[in-house]
Each structure stands twice: as C-alpha cells, then as structure tokens.
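Q:
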C-alpha cells in the first residue's frame, strides 16, 4: 500500500520562529490533507490540498503531486501551535472512497 | 449537528466484554469513517460508509469488530470479546462523498483491563 513519510519527527522552536514540515508519499494520490492534533487529542483539519498552494493566516501548504510531496509552513509560531501535525493521503477505494493513510506525524513544540 | 459527536468519550471495560461506540456525523455528510489511533501513532483506517452501506471494511482487524449505520446517519462500532490490544482511541470522521476535508470527532478512548 501507499507509504507516507513525514519529517522531521520532532521539532522544538522558540515562539516567533518559522517552520517547514514535509510529507513524502509513495504513489499518486487524489486527496491530501494536513491535520493538527492538539494536546487534548482533537484532530483539526488544516488543509485539503491534493495539489497547488493554499494559505490560511499564518499557515500555508503546497503540494507538488507530480513529485509526490507536500509542505506545511508555519510562520511566527505561537505556543498554541504545539501538537502533532499529520499528513494524510487519500487512495480511491471501493465506490470512490477517500480512505486516508496517515503519516507518523511531526511533533512540534513551541516554547515561550 | 455542528460537529462530529462521539460517545462515550472514555470507556473502561474488562477483557472479554462487549462494547459499542457511537458516532453522530455532521448533518449532510454522506461519508463516515472509523479510524483507530494507538499511542504515538497516526490514525489507522478501519471502515468507511457511504450512506447506509459499508463501502470498505478492509481495515477491520478481525471478525470481533463490526460497524453499522442503519439510517445513513449515526454509526455504531461494535467490538466483541474485547482484548487488551484493542485499547486505543477510536476516531470517527465525516465528509462529503467527493472528498474535501474530513471533520473528526473528539474520539472515544477505550481501555480494556
């Protein structure tokens, strides 16, 4: 099956710093999503981005589908950005299902 | 509802018992997914519903696990003869059938003792 690799596994930064998280995947996909899992375990959808670039406030993401990678950028980090960031890619299964395969995540810690 | 609701939020059960976990998706979302997340891991796919039918149950680990969605809205994940290895956070998500972004619930933390 499709493989998803995220890097780095852990990242510790000071408040105000910028960061880039990377997601590589092994096969063509028609769905790619970035999630933030906060310290309480809630998974929040950040972007649905199978290709192209999107921005939402201090966060932006770029997916280059032909080269099978996606990047998540976080600018001017805040302590509330701490948590685990997951990349998940969609494989079209039975009846067009958008089943997602998750990476292992990048654990981001923002220190005040 | 406004979000995906999962109940209970926590469940402790004895080995060998039967448990049911409930998911109430966002109104209008026809696709519903169950995932399982173990400590330190990313979520793993269990089963997907399109409407009332289980369109893909390839992620269910064995026949002790079963899920239903009888009216195309609320879904129940059922686990028979629970084992300690079933302990995990069970997550439900919903979306429009064409994909777009998933919305996850807060999960049910299942502990089998």
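Chains as they are written, first to last, in the working numbering: chain A, 1 to 112; chain B, 113 to 225.
Idealized CB from N, CA, C, for every residue including glycine.
Keep in mind the model is a prediction, meaning the values are calculated, not measured.
#1: Say whether the segment 25 to 37 of chain A touches the segment 54 to 74 of chain A, bearing in mind that this needs 3 or more beta-carbon pairs closer than 8 angstroms, one atom from each stretch.
#2: One question on the structure: do residue 196 (chain B) and residue 224 (chain B) come within less than 8 angstroms of each other, judged by their Cβ atoms?
#3: Does DSSP classify residue 115 (chain B) as helix, strand or coil?
#4: Using a Cβ-Cβ cut-off of less than 9 angstroms, list which residues of the segment 127 to 140 of chain B approach chain A; keep chain order.
#5: Residue 79 (chain A): buried (16+ other C-beta within 10 angstroms of its C-beta) or exposed?
#6: Counting contacts by CB-CB distance shorter than 8 angstroms, is residue 85 (chain A) in contact with chain B?
#7: Across the segment 49 to 56 of chain A and the segment 6 to 15 of chain A, are there enough close Cβ pairs to call them in contact, namely three or more that are closer than 8 angstroms?
#8: So, for residue 112 (chain A): in the same chain, excluding its five sequence neighbours on each side, which residues have a beta-carbon less than 7 angstroms away from its beta-carbon?
#9: Mind listing the chain A neighbours of residue 116 (chain B)? Cutoff is C-beta to C-beta under 9 angstroms, in chain order.
#10: Measure from the C-beta of residue 215 (chain B) to each C-beta in chain A and report whether the shortest distance is under 8 angstroms.
#11: Once DSSP output is grouped into helix, strand and coil, what is the label at residue 134 (chain B)?
A: Walking through what the data contain:
#1: Under the Cβ criterion (8 angstroms, minimum of three pairs), the segment 25 to 37 of chain A counts as touching the segment 54 to 74 of chain A.
#2: In the second chain, residue 196 (chain B) corresponds to position 84, counting from 1. In the second chain, residue 224 (chain B) corresponds to position 112, counting from 1. For the pair residue 196 (chain B) and residue 224 (chain B), the CB atoms are nearer than the 8 angstroms cut-off.
#3: Counted from its first residue, the second chain places residue 115 (chain B) at position 3. Three-state DSSP puts residue 115 (chain B) in coil, outside helix and strand.
#4: Taking a C-beta cut-off of 9 angstroms against chain A, none of the residues of the segment 127 to 140 of chain B qualify.
#5: As a position in the first chain, residue 79 (chain A) is number 79, starting the count at 1. Counting Cβ neighbours within 10 Å, residue 79 (chain A) comes out exposed, since fewer than 16 surround it.
#6: Within the first chain, residue 85 (chain A) is the residue found at index 85, counting from 1. No, residue 85 (chain A) lies away from the interface with chain B (no Cβ there is under 8 angstroms from its Cβ).
#7: Touching, no, given that fewer than three Cβ pairs across the two stretches are closer than 8 angstroms.
#8: By 1-based counting over the first chain, the position of residue 112 (chain A) is 112. Sequence-distant Cβ neighbours of residue 112 (chain A) in its own chain, meaning closer than 7 angstroms and more than five residues away, are 15 and 79.
#9: Here residue 116 (chain B) is taken as the residue at index 4 of the second chain, counted from 1. Around residue 116 (chain B), no beta-carbon contact reaches into chain A at under 9 angstroms, the shortest distance being about 10 angstroms.
#10: Position 103 of the second chain holds residue 215 (chain B). Chain A, which has a Cβ nearer than 8 angstroms to the Cβ of residue 215 (chain B), makes this yes.
#11: Taking the first residue of the second chain as position 1, residue 134 (chain B) is located at position 22. DSSP places residue 134 (chain B) in strand when its eight states are reduced to three.
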